[in-house]
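Peer 1: The numbering of the sequence shown is the working numbering, which starts it at 22 and goes up by one.
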Amino acid sequence: MPVSQLPSQPTDSNSSAATDVTPVVALKELVARLHREQNKIQDLLSSLGFALRSFNNLNQFLELIPLMATRVTDADGSALFLYKPNGQVRLEQLHWQDSRQRKDIRKALEIASSQITLIPNSAPLANATGILDDQMHRYLGPDVQIFGTAILVKHTERGWLYVLSRDPEYSWTETRQKLVRLVADQTAVAIENDELAVELRKKERLDQELEIGAEIQRRLLPRQCPVIPGAILAARCKPANRVGGDYYDFIATNHNKIQPKIKGSTETSCWGLVIGDVMGKGVPAGLIMTMMRGMLRGEVLHGNSPARILQNLNRVMYADLENSHRFVTLFYSEYNPHNRILSYSNAAHNPPLWWHAATKTVSRLDTLGMLIGLDANSQYEDAQVQLEPGDTIIYYTDGLTDAAAAGGDRFDEDNFVAGFNTACKYCNGPEEIVDYLFDQVQQFIGDDKQNTDDMTLVVMQIL
């Protein structure tokens, strides 16, 4: 063999070795590249999850969505469209890799979305989505491929997330579909969280307003019972909600003395004792109760009889209550400590109970009269009783007698009368009577149960 041929053998051997290792190297590079891609996708989705937990501003989070969709799918860009309450489809966010083309792409997408107006609660949105696809193809041109997935919030379509590519070889693989679906689901969670946060803020503001209303109402009810010569008073109001429709009051009737007399006073003027109940509960009932309180106090200053006071109050309030579909029951009485005479008139309220100390019996104080606000021309009756030492009068609302146990049974008036009779015999003063009756009702409905109606008691005992 010629010497000139000798160098060729090692050369062939090296070429053969190189050929043998190339597939292994290529496979290793492929695995490494796939691993890098997998890590990149995991990092991107992890960042998106962190942003979802951290951002308090929905717009800041939505800015990331097209960027993430573009990166995880290796696309040229991505666009997020959201449906607005007025039916408009709006381009919410756009990401496009080539900054020189971004302006033109945005303009084309905005024109495409402006051509569509949705009709709320009408036909399925799939038709609108098809129209949006057609408009995007029309304004982006045939060079741009579009692939999208819906943004679903509580199974309701709220928008679409699109992936855009100019690469003719770009394919919408199953992996890319899953990744974009995952980004779209994170977007839906962010939108729902933002809406829940808005509702929570509204609820917090409403709770604050309700608490202010409840505090105002508590201040309108007497803070303490007045000191009336020859009598002891106790009262309690337990609203079912923070704002209630029950009302009670003590009103000095000597025209220049509205506030209760402080303890130790020897004031001997007549006192108006009133209890009422607005049909319904909550804020509407509380507003009517507040309005009625002011009107009643104004009527008392005119010095009319109880029946005349109710008649005038009914005429004044009728116009306001007529369209509210709410009415008021009211019992108004005036006690004269000079002669222990109680004058009264009833506007369909639960008749107060009178416990006679001499006979240990209970009778009712009642007159004929319609609900306040039912008929502008309603007439009311006056009545009087002579109270004796030891006698006890209890004013109450139907929240106590209508209190229901778990089985549906009502406490009813018979049980209430029996409880009142027992309390007058064995309790030491009006405060203990109030405590006893509230305890009896609570035990009846269950210690762990809240009553569904306002409950109010006022007790006056003659010394």
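Ideal Cβ positions, reconstructed from N, Cα and C, are used throughout, including at glycine.
1) Would DSSP call E355 helix, strand or coil?
2) What distance in whole Å lies between the Cβ atoms of M310 and G266, which are believed to be in contact at a cut-off of 8 Å?
3) Under the three-state reduction of DSSP, which class applies to S99: helix, strand or coil?
4) So if DSSP puts D475 in a beta bridge, which residue, or which two residues, is it bridged to?
5) Could you say which of I237, S364, L322 and T194 lies nearest to L308 if we only look at CA atoms?
6) Assuming D475 and P260 make a contact with CB atoms under 8 Å, what is their CB distance in whole Å?
7) Just the C-alpha distance for L421 and E434, rounded to the nearest angstrom, thanks.
8) What is the DSSP secondary structure of I152, counted as helix, strand or coil?
9) Alpha carbon to alpha carbon, how far is I233 from I132? Give it in angstroms, no decimals.
10) With distances taken between CB atoms, is the gap from L363 to S354 smaller than 8 Å?
11) Find the nearest neighbour of V455 within the set D468, K470, T418 and D423, judged by alpha-carbon distance.
12) Give me the Cβ distance between L484 and I253, rounded to the nearest whole Å; I'm assuming they're in contact under 8 Å.
13) Which first and last residues belong to the beta strand (DSSP E) in which N367 is found?
14) So if DSSP puts I415 in a beta bridge, which residue, or which two residues, is it bridged to?
15) I need the boundaries of the beta strand (DSSP E) containing E409, first residue and last residue.
16) Helix, strand or coil for F432 per DSSP?
17) Residues bridged to L231 by DSSP?
18) Helix or strand or just coil, what does DSSP make of G390?
19) What residues in its chain sit with their C-beta under 6 Å from that of A255, if we drop five residues either side in the sequence?
20) If I follow the unbroken beta strand (DSSP E) through T177, where does it start and stop?
21) Three-state secondary structure (DSSP) at S67?
22) Quick one: using the 10 Å Cβ neighbour count with 16 as the cut-off for buried, is L317 buried or exposed?
23) Can you check which of these residues, A90, D468 and W375, is closest to V383 by C-alpha distance?
24) Consult DSSP for E402 and reduce its assignment to one of helix, strand or coil.
25) So does the stretch 167-186 actually touch the stretch 99-107, counting three or more Cβ pairs closer than 8 Å?
26) With a threshold of 16 other CB atoms inside 10 Å of the CB of H323, please say whether the residue is buried or exposed.
27) What residue does the alpha helix (DSSP H) around E343 start on, and which one ends it?
28) Put A255 into one of helix, strand or coil per three-state DSSP.
29) What's the C-alpha gap between L130 and R187?
30) Expressed to the nearest angstrom, what Euclidean distance is found between the alpha-carbon atoms of L231 and G394?
31) Does the stretch 440-449 come close enough to the stretch 384-393 to have 3 or more Cβ pairs within less than 8 Å?
32) At a cut of 8 Å, does the stretch 159-167 reach the stretch 77-89 through at least three beta carbon pairs?
33) Assuming Y269 contacts Y401 (C-beta within less than 8 Å), just tell me the rounded distance between them.
34) CA-CA distance, F459 and M338?
35) For Q405, which residues in the same chain have their Cβ closer than 6 Å to its Cβ, ignoring the five residues on either side in sequence?
36) Among N367, N398, P410 and V349, which one has its Cα closest to the Cα of A379?
Peer 2: With the given structure in hand:
1) When DSSP states are grouped into helix, strand and coil, E355 belongs to the strand group.
2) G266 to M310, Cβ: 5 Å. Contact.
3) S99 falls in the strand class under three-state DSSP.
4) According to DSSP, residue pairing for D475 in a beta bridge does not occur.
5) The shortest C-alpha separation from L308 is found at I237.
6) Yes, D475 and P260 are in contact; Cβ-Cβ is about 5 Å, under 8 Å.
7) Those two C-alpha atoms are separated by around 9 Å.
8) Secondary structure at I152: helix, using DSSP grouped into helix, strand and coil.
9) Straight-line Cα distance between these residues: approximately 49 Å.
10) Cβ atoms of L363 and S354: closer than 8 Å.
11) With distances taken between Cα atoms, V455 lies closest to T418.
12) Going by Cβ atoms, the distance from L484 to I253 rounds to 7 Å, so yes, they are a contact pair.
13) Boundaries of the beta strand (DSSP E) harbouring N367: I362 to A368, taken from the DSSP string.
14) Beta-bridge annotation (DSSP): I415 is paired with L374 and V480.
15) Per DSSP, E409 belongs to no beta strand (DSSP E) and is neither H nor E.
16) Three-state result, F432: coil.
17) Per the DSSP secondary-structure output, L231 pairs with nothing in a beta bridge.
18) G390 falls in the coil class under three-state DSSP.
19) Counting only Cβ-Cβ distances below 6 Å, and skipping sequence neighbours, we find P451, E452, V455 and V480.
20) That run of the beta strand (DSSP E) goes T177 to S186.
21) Three-state result, S67: helix.
22) Buried, since its Cβ has 16 or more Cβ neighbours within 10 Å.
23) Taking V383 as reference, the option from A90, D468 and W375 with the minimal CA-CA separation is W375.
24) DSSP, reduced to helix, strand and coil, places E402 outside both helices and strands of the structure shown, so it counts as coil.
25) Judged by Cβ distances under 8 Å, the stretch 167-186 makes contact with the stretch 99-107, as three or more pairs qualify.
26) Looking at its Cβ environment, which holds fewer than 16 other Cβ atoms inside 10 Å, H323 is exposed.
27) Note, E343: alpha helix (DSSP H), P327 to E343.
28) A255 sits in a strand when the DSSP states are folded into three classes.
29) Spanning the alpha carbons of L130 and R187 requires a straight line of approximately 15 Å.
30) Taking the straight line from one Cα to the other gives about 26 Å.
31) The stretch 440-449 makes no contact with the stretch 384-393: fewer than 3 CB pairs, one atom from each, lie closer than 8 Å.
32) These segments do not touch.
33) Rounded, the Cβ-Cβ distance is 19 Å, inconsistent with contact.
34) In this structure, the straight-line span from the alpha carbon of F459 to that of M338 is close to 32 Å.
35) Around Q405: I362 and S364.
36) Nearest of N367, N398, P410 and V349 to A379, Cα basis: P410.
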